[in-house]
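Worksheet: one structure, shown below.
Protein chains: 2
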Amino acid sequence: MNTDPAPAPRRYAKGEARRTAILEAALDVFATAGYRNGGLREVAAKAGLTHAGVRHYFPTKLDLLHAVLGWRDEQAIRQMSSLDGPVGVLRQWVEAARYNQNAPRMVELQVALAAEATSADHPLHDYLRERYEFAVGFLRGTFTALAARGELADGVEPESAARGLIALTDGVQTQWLLDREHVDMVELVRSAIQRLVTVEI
Amino acid sequence: MNTDPAPAPRRYAKGEARRTAILEAALDVFATAGYRNGGLREVAAKAGLTHAGVRHYFPTKLDLLHAVLGWRDEQAIRQMSSLDGPVGVLRQWVEAARYNQNAPRMVELQVALAAEATSADHPLHDYLRERYEFAVGFLRGTFTALAARGELADGVEPESAARGLIALTDGVQTQWLLDREHVDMVELVRSAIQRLVTVEI
DNA sequence: GTCTATAAGCGGATAGAC
DNA sequence: GTCTATCCGCTTATAGAC
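Heads up: the sequence lines are chains A and B, in that order. Numbering-wise (my numbering), the first sequence opens with residue 1 and increments by one. Numbering-wise (my numbering), the second sequence opens with residue 1001 and increments by one.
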């Protein structure tokens, strides 16, 4: 009979390392060439295997991209949700901009993706819609909570403040990619938020 | 002998008229079918000549696109500059958003272009950089003029207000393309501007 | 630049080595 | 479980005539 204790539910070390290598390669490729132009074979080459090997971990190309984006989304959401209140959320929003300022590839990916997934027939169209819907709802809730505390600036409406902040954050990325020396994403996002609330951000 | 007075130093009327006709046709075609799908023959037909005729004025399709964008920029700038003051400029900025709301293909063209011309090696990279540089300078001047009139909201700095407004205007387009029913570009732009100034927009 | 035909490359699927 | 070799159907890129 088996006297061993139940094995710990761990992932296989080699597989995990490969997975990470593939995700890093995919981020690089998608950020440079975009989702449509970036190829599985190029990702595979960067990760040191064949395209069929990549598909062992990520059955479809879309699964791969979702994995890349999902990791980042999860992290961001977890960080913002763990904060003690709406002010913390907005401060974390600024921190996300700071993080992006050190991850130009990720910014390129996001900008490229947002543009190409605009077409209704793009495979990521629905994903992106849901992502924006979630973000708008999340920020709308944040601004509503601030309104209840009386910490919202006069005339600020939660829905349009949410959409506006997201829009500005997106647009700032384009300007930053075009001229990184003269565009300060963090300060632009921070000052925009500051204009929406009465508390110090 | 020639008794006519010396001709005024003017451009060739026919060539200029043709040029304008082609640009109008190209704007229409690109805005309707997009840059990739819009064909020179369709542009030519709308302008009343053959595709070879179009190429006489614009050697390549990219030249034509560049000319269309520059032409449209000039028009927008002329409209904004002809206004009696900085408040008029901001109101015209809102009107530009309203115009875009009726030209979805044009918006798609702009969004796609802004993203792909982000790469340093894109043929329109320099054009886009200069376009943003000019727009930032123009709006910075507008906000500076408002500051001199005491019509700027507290804590608004012209440079970041200019970059922020441009960023928001860009970002709103992406959201609108993803969900035209729930995104009101005009109101989002207007309310953002309203938060920057003390006068009614 | 467009058109047409051809070539190349893509994501995807399978069988099997280890 | 991990991964390669190889194939398929399809889309896209390319070349040459116009």
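Where a beta carbon is used, it is the ideal one built from N, C-alpha and C, also for glycine. Please read these numbers as outputs of a predicted model, since none were measured by experiment.
So which residues of chain B does residue i contact, with C-beta pairs closer than 8 Å?
i, result
"residue 132 of chain A", "1175, 1178, 1179"
"residue 108 of chain A", "1118"
"residue 183 of chain A", "1163"
"residue 89 of chain A", "Per Cβ cutoff of 8 Å: no residues; residue 89 of chain A is ~19 Å from chain B at best."
Excluding the 5 residues preceding and the 5 following residue i in the sequence, name in chain order all residues of the same chain whose CB lies nearer than 6 Å to its CB.
i, result
"residue 42 of chain A", "29"
"residue 47 of chain A", "21, 22, 25"
"residue 176 of chain A", "183, 185"
"residue 1103 of chain B", "1031"
"residue 1003 of chain B", "Because the pLDDT of residue 1003 of chain B is 40, which lies under 50, any placement of that residue in the model is unreliable, and the number read from its coordinates should be weighed accordingly. Within the same chain, residue 1003 of chain B has no close Cβ partners at all."
"residue 1161 of chain B", "1143, 1196"
"residue 134 of chain A", "none"
Identify the contact partners of residue i in chain B, using a Cβ-Cβ distance below 7 Å as the criterion.
i, result
"residue 82 of chain A", "The contacting residues do not exist; residue 82 of chain A stays about 26 Å from chain B at best."
"residue 97 of chain A", "Going along chain B, no residue has its Cβ under 7 Å from residue 97 of chain A, so there is no contact; the nearest lies around 12 Å."
"residue 192 of chain A", "1164"
"residue 63 of chain A", "Those do not exist, as residue 63 of chain A stays about 22 Å from chain B at its closest Cβ, beyond 7 Å."
How would you list, in chain order, the residues of chain A whose beta-carbon sits under 7 Å from the beta-carbon of residue i?
i, result
"residue 1200 of chain B", "Residues of chain A passing the Cβ test: none, with the nearest at roughly 12 Å."
"residue 1094 of chain B", "Those do not exist, as residue 1094 of chain B stays about 14 Å from chain A at its closest Cβ, beyond 7 Å."
CA-CA distance, residue i and residue j?
i, j, result
"residue 127 of chain A", "residue 96 of chain A", "20 Å"
"residue 1107 of chain B", "residue 132 of chain A", "18 Å"
"residue 209 of chain A", "residue 1184 of chain B", "Because residue 209 of chain A is not part of the residues shown, which for chain A are 1 to 201, the question remains open."
"residue 1145 of chain B", "residue 1087 of chain B", "9 Å"
"residue 1149 of chain B", "residue 1179 of chain B", "38 Å"
"residue 138 of chain A", "residue 1118 of chain B", "29 Å"
"residue 62 of chain A", "residue 125 of chain A", "12 Å"
"residue 1066 of chain B", "residue 123 of chain A", "30 Å"
"residue 1199 of chain B", "residue 70 of chain A", "44 Å"
"residue 34 of chain A", "residue 64 of chain A", "13 Å"
"residue 141 of chain A", "residue 197 of chain A", "14 Å"
"residue 1136 of chain B", "residue 1078 of chain B", "16 Å"
"residue 1114 of chain B", "residue 84 of chain A", "37 Å"
"residue 18 of chain A", "residue 165 of chain A", "37 Å"
"residue 99 of chain A", "residue 173 of chain A", "12 Å"
"residue 1129 of chain B", "residue 15 of chain A", "44 Å"
"residue 1010 of chain B", "residue 1057 of chain B", "Summary for residue 1010 of chain B: the model assigns pLDDT 44, below 50, so the residue's position carries little reliability; its value from the coordinates is reported in the next sentence. Their backbone Cα atoms lie some 18 Å apart in a straight line."
"residue 181 of chain A", "residue 91 of chain A", "23 Å"
"residue 45 of chain A", "residue 38 of chain A", "12 Å"
"residue 1155 of chain B", "residue 191 of chain A", "9 Å"
"residue 75 of chain A", "residue 1080 of chain B", "44 Å"
"residue 1189 of chain B", "residue 49 of chain A", "48 Å"
"residue 169 of chain A", "residue 1163 of chain B", "11 Å"
"residue 60 of chain A", "residue 1053 of chain B", "47 Å"
"residue 203 of chain A", "residue 143 of chain A", "With chain A running from 1 to 201 in the structure shown, residue 203 of chain A is simply not present."
"residue 89 of chain A", "residue 167 of chain A", "17 Å"
"residue 1094 of chain B", "residue 51 of chain A", "49 Å"
"residue 1147 of chain B", "residue 159 of chain A", "29 Å"
"residue 151 of chain A", "residue 1151 of chain B", "24 Å"
"residue 120 of chain A", "residue 1120 of chain B", "28 Å"
"residue 171 of chain A", "residue 1171 of chain B", "5 Å"
Would you mind telling me which residues of chain A sit closer than 8 Å to residue i, beta carbon to beta carbon, in chain order?
i, result
"residue 1128 of chain B", "178"
"residue 1073 of chain B", "Neighbours of residue 1073 of chain B on chain A: none; closest Cβ ~16 Å, over 8 Å."
"residue 1195 of chain B", "153, 155, 156, 195, 196"
Within a Cβ cutoff of 7 Å, which residues of the same chain sit near residue i, ignoring the five residues on either side of it in sequence?
i, result
"residue 194 of chain A", "201"
"residue 112 of chain A", "34"
"residue 1101 of chain B", "1185, 1186"
"residue 1109 of chain B", "1030, 1031, 1034, 1035"
"residue 1073 of chain B", "1131"
"residue 1116 of chain B", "1122"
Skipping 5 residues on each side, what residues in its chain have a beta carbon closer than 8 Å to that of residue i?
i, result
"residue 1055 of chain B", "1040"
"residue 1153 of chain B", "1195, 1196, 1197, 1198"
"residue 1105 of chain B", "1030, 1031, 1032, 1033, 1034"
"residue 1068 of chain B", "1023, 1026, 1027, 1030"
Using a Cβ cut-off of 9 Å, pull out every chain B residue sitting near residue i, in sequence order please.
i, result
"residue 142 of chain A", "What residue 142 of chain A touches in chain B: nothing, since even the nearest Cβ is about 17 Å away."
"residue 188 of chain A", "1160, 1163, 1164, 1167"
"residue 105 of chain A", "Chain B residues near residue 105 of chain A: none, gap ~12 Å exceeds 9 Å."
Can we count residue i as close to the ligand NAD, meaning its CB is less than 7 Å from some heavy atom?
i, result
"residue 193 of chain A", "Of the ligands one can find in the structure shown there are none, so the ligand NAD has no counterpart to examine."
Next on the checklist: By the 7 Å beta-carbon criterion, what residues does the segment 1021-1055 of chain B contribute toward chain A?
Outcome noted: Taking 7 Å as the Cβ-Cβ cut-off against chain A, none of the residues of the segment 1021-1055 of chain B qualify.
Checklist entry - Along the chain, which unbroken stretches of the alpha helix (DSSP H) at least 4 residues long are found entirely within the segment 1019-1076 of chain B? => result Whole alpha helix (DSSP H) segments, 4+ residues: 1040-1047, 1051-1057.
Checklist entry - Listed in chain order, which residues of the segment 1110-1124 of chain B have Cβ atoms closer than 9 Å to some Cβ of chain A? => result Here the close residues are 1111, 1112, 1113, 1114, 1115, 1116, 1117, 1118, 1119.
Item to check | In chain order, each beta strand (DSSP E) run of at least 3 residues that lies wholly inside the segment 1117-1159 of chain B | outcome: DSSP runs (the beta strand (DSSP E)) wholly in the segment 1117-1159 of chain B: none.
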